[in-house]
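*Asks:*
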Amino acid sequence: MLFEMFDEGGANHKLTNGFSGWTPLSDNLQKERVMANLLKVTDVWEIAVGRQYAIDNLESMYLPPSRRLELARMFSIFHWVEPAVTEIFSGRLSALSIEDIGRVDIKVYSILVKGMERLEIEMRRTANVAPPMIPATPSPKAGESHPPLQTTYVFHKPYNLDCAATWKRLWWDKVGRQLLHPDAPIKSDAILGEVKKLSHKDLHEKCRLDMVQKIEAEIVFVDKRIIAGVTAAIVEYYTTLGSQ
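Heads up, the sequence shown is in the numbering used here, so the first residue is 6 and it goes up one at a time.
1. Which word fits Leu44, buried or exposed, when buried means at least 16 other C-beta atoms lie within 10 angstroms of its C-beta?
2. Please check the pair Ala41 and Leu76, which I expect to be a contact at CB under 8 Å, by giving their CB distance rounded to whole angstroms.
3. So, is Asp178 buried or exposed, given that buried needs 16 or more other C-beta atoms within 10 angstroms?
4. Between the Cα of Ser102 and those of Glu122, Ser71, Arg123, spot the shortest distance and give me the residue it belongs to.
5. Which residues bound the alpha helix (DSSP H) around Gly107?
6. Could you give the C-beta distance for Glu87 and Ile232, rounded to a whole number, given that I count them as a contact under 8 Å?
7. Under 8 Å by Cβ, that's how I've got Leu208 and Leu175 pegged, so tell me the actual separation to the nearest angstrom.
8. CB Leu68 to CB Glu104, shorter than 9 Å?
9. Please list, in chain order, all residues of the same chain as Asn133 whose beta carbon is under 7 Å from its beta carbon, the five residues on each side excluded.
10. Pick from Ala89, Asp48, Pro190: whose alpha carbon is nearest that of Thr131?
11. Go ahead and pull the three-state DSSP assignment for Ile51.
12. Starting from Ala237, follow the alpha helix (DSSP H) in both directions and report where the run begins and ends.
13. DSSP on His84, reduced to helix/strand/coil?
14. Chain C beta carbons: is any one of them nearer than 9 Å to that of Glu127?
15. Just confirm the distance between the C-beta atoms of Phe94 and Asp194, as a whole number of angstroms; I'd bet it's less than 8 Å.
16. If you drop the 5 nearest sequence neighbours on each side, which residues of the same chain put their C-beta closer than 6 Å to that of Val109?
17. Quick test of your reading: Ile116 and Ala238, contact by CB under 8 Å. State the CB separation rounded to the nearest angstrom.
18. Which residues in the same chain as Gly120 place their Cβ atom closer than 6 Å to its Cβ, once the five residues preceding and following it in sequence are excluded?
19. Along the alpha helix (DSSP H) that carries Val200, what are the first and last residues, could you check?
20. Exposed or buried, which one is Arg129 when buried takes at least 16 other CB atoms within 10 Å?
21. In three-state terms, what does DSSP make of Gly120?
22. Pick from Cys212, Asn33, Met79: whose alpha carbon is nearest that of Val46?
23. Taking only three categories from DSSP, how would you classify Gly96?
24. Out of curiosity, what's the CA-to-CA distance linking Leu246 and Phe83?
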């Protein structure tokens, strides 16, 4: 295809008409290679419609996350980075083969390793330390513009200490253990659902509802935050490669 023979409008027309009657390849690996080659050509000649056609076709296929990261690096397809990182983080880094590591490149692999280590630390911390019962800030006394710094915890008598102890125990039994499951740990955005299912004769319903509301309003999905940080670091690295 001699794209230099016509301007972008002509090239777009050629590509659109040429591919509209093209019989799709049945072999996914062959189709992936064809689309990757099309990306190379359209990038060189800056043919927007061809590039988008190739990207759309690749997005309709399943590509291993290492391959998506490789193509994202080669062709600056930055919106592929986060889904690829998310998929990698849903498993174990040890599942990546030598070929996978070669695809993502050693710099990106080191970013993934550091992110995964951080995630494991945060998941252990979340699993082992139950969120405290909601601290209630006392109302200001007469003449005070702000309440005192000291806070007290909301307990619903006569369940006070029973609620606190039961909450910690239930958190570990029903949430913490699942976060640390060796094969199928739950993700942090599933915590709220687990908390909503908690019940025990020693946990006052008002205490339980308070904690559901607290977690619903304030929980920080630490895995998503770490994935976002890893994604940003990888995109920044890819950007520096493109500017060289």
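Note that beta-carbon positions come from the ideal geometry of N, C-alpha and C, so glycine has one too. Predicted model, so just to flag it, every value in this text is computed and none were measured.
*Replies:* Walking through what the data contain:
1. By the neighbour-count criterion, in which 16 or more other beta carbons inside 10 Å mark a residue as buried, Leu44 falls on the buried side.
2. At roughly 7 Å, the Cβ-Cβ gap stays under 8 Å, so Ala41 and Leu76 are in contact.
3. By the beta-carbon neighbour count (other beta carbons within 10 angstroms, threshold 16), Asp178 is exposed.
4. Cα-wise, what sits closest to Ser102 is Ser71.
5. For Gly107, the enclosing alpha helix (DSSP H) begins and ends at 103-109.
6. That belief holds up - the Cβ atoms of Glu87 and Ile232 are roughly 7 Å apart, short of 8 Å.
7. Cβ-Cβ separation between Leu208 and Leu175: approximately 7 Å, consistent with a contact (criterion under 8 Å).
8. Annotated as distal: Leu68 and Glu104, with beta-carbon spacing of 9 Å or more.
9. Correct list, in chain order: Gly181.
10. When each option's Cα is compared against that of Thr131, the closest is Pro190.
11. Checking the sequence, you will find Glu at residue 51 rather than Ile. Three-state result, Glu51: coil.
12. That run of the alpha helix (DSSP H) goes 227-247.
13. Of the three classes helix, strand and coil, the one that applies to His84 here is helix, per DSSP.
14. Protein chain content of the structure displayed is limited to a single chain, and chain C is not contained in it.
15. About 13 Å; that fails the 8 Å criterion.
16. Within the same chain, Ser71, Leu74 come within 6 Å of Val109 by CB-CB distance, once the 5 residues on both sides are set aside.
17. About 5 Å separates the two Cβ atoms, so the contact holds.
18. Hits under 6 Å: Ile231, Val235.
19. For Val200, the enclosing alpha helix (DSSP H) starts and ends at 196-202.
20. Arg129 is exposed by the Cβ-count criterion.
21. Gly120 carries a helical assignment under DSSP once its states are collapsed to helix, strand and coil.
22. Closest in C-alpha terms to Val46, from the list Cys212, Asn33, Met79, comes Met79.
23. When DSSP states are grouped into helix, strand and coil, Gly96 belongs to the coil group.
24. Going from the Cα of Leu246 to the Cα of Phe83 covers about 13 Å.
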